[in-house]
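Here's the structure, in structure tokens; my notes come after.
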């Protein structure tokens with residue numbers, strides 16, 4: 096009888112392990128890091144992540160319902176509106192409405208030239224397929240936010256550790272790539288530059304930002320008591336810092352000031368607490384922060400003084416490619432033609448080509464505007480820009496509440512991480528791949544206060 100009871104208990108434990116919400120989100124994070132760094136051009140890999148997100152939502156319906164009913168009202172609204180924008184752009188409209196929208200004259204003329212009926216119904220989006228793909232891209236981050244925001248602090252910490260582990264695995268992949276001059280272990284069929292670390296991304300700017308976000312969260316982790324784990328924490332942070340340097344991304348080099356600033360802030364807070372008499376002078380936190388600072392400063396100085404990656408990247412900081420400036424100029428003009436409605440999420444590549452100035456045309460194709468604010472302004476118009484502002488305001492406000500939380504450093508790091516994404520968006524398009532979308536969702540759930548703090 097006792098053996099039967101033990102077997103039943105073991106079966107229940109095994110069943111609950113497989114049904115663990117934390118495990119589901121951990122798998123989704125790892126999957127996004129492994130497959131999602133290529134952007135819209137790699138639809139099959141993105142589809143795997145999105146289908147996994149749908150499966151996780153189907154396995155956790157009570158979590159979804161709990162988020163909708165009891166989650167932070169503003170966050171629920173932001174998630175719903177973000178997913179609704181591309182869906183609304185796909186609703187067919189009668190000709191009298193869609194032809195009256197800005198920028199649709201060219202579409203009506205094209206339909207007439209092609210012998211098609213210009214009086215037929217069409218949606219706001221000028222390319223239904225692209226906008227549908229844009230909507231699908233919201234599934235994985237929305238699943239992480241809806242399911243993960245209601246988790247307790249311990250469960251969220253497990254997600255952060257999973258993300259940090261995935262980032263360190265990406266570092267190892269990058270070491271293999273660089274050791275073979277980027278001729279092997281490349282996950283995407285790109286034309287890589289020798290000596291540049293790409294890891295699991297097709298864009299080195301995204302790689303650099305990915306490591307910066309991982310470094311931010313690593314620096315904000317609760318300080319372990321055991322010495323070996325302290326050393327492991329310092330080593331992990333140093334590897335992530337080195338990985339960001341090896342991408343030779345100018346924006347990432349500048350953004351490295353954010354995690355360094357967080358480390359200094361945390362060390363300073365520890366010293367201030369010591370002077371107040373509430374903590375010993377040499378706390379584990381101050382030791383970790385000091386170890387971070389010494390190793391990071393040493394790595395940066397050694398690279399700069401020997402003319403290494405830092406020196407080369409600093410030289411490139413003095414210039415901005417003329418291609419970016421011309422794309423911004425033409426992109427602003429194109430956005431003005433569709434303002435304030437927009438051309439449809441994901442349609443930049445199709446729309447921009449029609450408005451590119453002839454004097455700026457080159458052999459290269461501008462697949463992105465390299466400024467996500469301008470690109471969203473073109474694709475989603477005024478609604479998209481207001482939505483971005485609402486997200487930023489919410490993320491900036493969250494760390495100021497729930498001061499008694501044990502995870503306050505993680506909340507501060509998450510807010511700084513959102514700021515890093517926002518800053519890189521001025522020169523690039525970090526949230527146009529599934530990996531960084533899922534990482535941004537992880538940062539957002541770290542900002543959500545626990546239930547007891549809200550009540």
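In this note's numbering, the protein residues as written are 96 to 550.
Ideal Cβ placement from N, Cα and C applies to all residues, glycine included.
Asked                                                                                                                                                                            : Found
Look up residue 188 in the DSSP assignment and say whether it is helix, strand or coil.                                                                                          : strand
With distances taken from CA atoms, which of 246, 332, 475 is nearest residue 307?                                                                                               : 332
If residue 131 sits next to residue 151, beta carbons under 8 Å apart, how far is it from one beta carbon to the other, in whole angstroms?                                      : Not quite, the Cβ-Cβ distance comes to about 15 Å (not below 8 Å), so this is no contact.
Count the other CB atoms, across all protein chains shown, that sit within 10 Å of the CB of residue 201; report buried if there are 16 or more and exposed otherwise.           : exposed
In the structure shown, what three-state DSSP assignment does residue 401 receive?                                                                                               : Reliability of the predicted coordinates at residue 401 is poor, the pLDDT of 48 falling under 50, and no value is obtained from them.
Ends of the alpha helix (DSSP H) at residue 156?                                                                                                                                 : 156–165
Quick one: is residue 530 buried, meaning 16 or more other Cβ sit within 10 Å of its Cβ, or exposed?                                                                             : buried
How big is the Cα-Cα spacing for residue 142 and residue 366?                                                                                                                    : 48 Å
Drop a sphere of 10 angstroms on the beta-carbon of residue 330, count the other beta-carbons inside from all chains shown, and report buried for 16 or more, exposed for fewer. : exposed
What residues in its chain sit with their C-beta under 6 Å from that of residue 477, if we drop five residues either side in the sequence?                                       : 435
According to DSSP, is residue 253 helix, strand or coil?                                                                                                                         : helix
For residue 268 and residue 278, I'd like the C-alpha separation in whole angstroms.                                                                                             : 12 Å
Mind checking whether residue 319 and residue 325 have CB atoms under 8 Å apart?                                                                                                 : yes
Please state if the CB of residue 445 and the CB of residue 221 are separated by a distance shorter than 8 Å.                                                                    : yes
Which residues mark the beginning and the end of the alpha helix (DSSP H) in which residue 299 is found?                                                                         : 299–314
Once the 5 residues before and after residue 196 are set aside, which same chain residues still bring their CB inside 6 Å of it?                                                 : 436
Between the alpha carbons of residue 348 and residue 186, how many angstroms are there, rounded?                                                                                 : 43 Å
Using a Cβ-Cβ cutoff of less than 8 Å, which residues in the same chain neighbour residue 114 once the five nearest sequence positions on both sides are dropped?                : 154
Within 10 angstroms of its Cβ, does residue 209 collect 16 or more other Cβ (buried), or is it exposed?                                                                          : exposed
Just how far apart, CA to CA, sit residue 237 and residue 517?                                                                                                                   : 19 Å
If distances are taken between C-alpha atoms only, which option among 213, 342, 232 comes closest to residue 139?                                                                : 232
If you reduce the DSSP assignment to three classes, tell me which class residue 217 lands in.                                                                                    : strand
Under 8 Å, do residue 541 and residue 251 count as touching if we go by C-beta distance?                                                                                         : yes
Is residue 174 near residue 241, with beta carbons less than 8 Å apart?                                                                                                          : yes
Is it right to say residue 255 is buried, meaning 16 or more other beta carbons lie within 10 angstroms of its own, or is it exposed?                                            : buried
Using three-state DSSP, classify residue 296 as helix, strand or coil.                                                                                                           : coil
Between which two residues does the alpha helix (DSSP H) holding residue 467 run?                                                                                                : 467–492
In the structure shown, what three-state DSSP assignment does residue 428 receive?                                                                                               : helix
Less than 8 Å between the CB atoms is what I'm expecting for residue 315 and residue 357, so what's the real figure, rounded?                                                    : 7 Å
Out of 216, 230, 310, 119, state which residue places its alpha-carbon closest to the alpha-carbon of residue 266.                                                               : 310
Considering Cα atoms alone, identify which of 340, 297, 425, 234 is closest to residue 179.                                                                                      : 234
Can you tell me whether residue 194 is helix, strand or coil according to DSSP?                                                                                                  : coil
Could you tell me the distance, in whole angstroms, from the CA atom of residue 51 to the CA atom of residue 350?                                                                : No answer is possible for residue 51: it lies beyond the span of the chain, which begins at 96 and ends at 550.
Which of the three DSSP states, helix, strand or coil, is assigned to residue 454?                                                                                               : helix
Check for me: the alpha helix (DSSP H) holding residue 323 runs from which residue to which?                                                                                     : 322–341
So for residue 377, helix, strand or coil by DSSP?                                                                                                                               : In this prediction, residue 377 scores a pLDDT of 46, lower than 50, which makes its location untrustworthy; no coordinate-derived value is stated.
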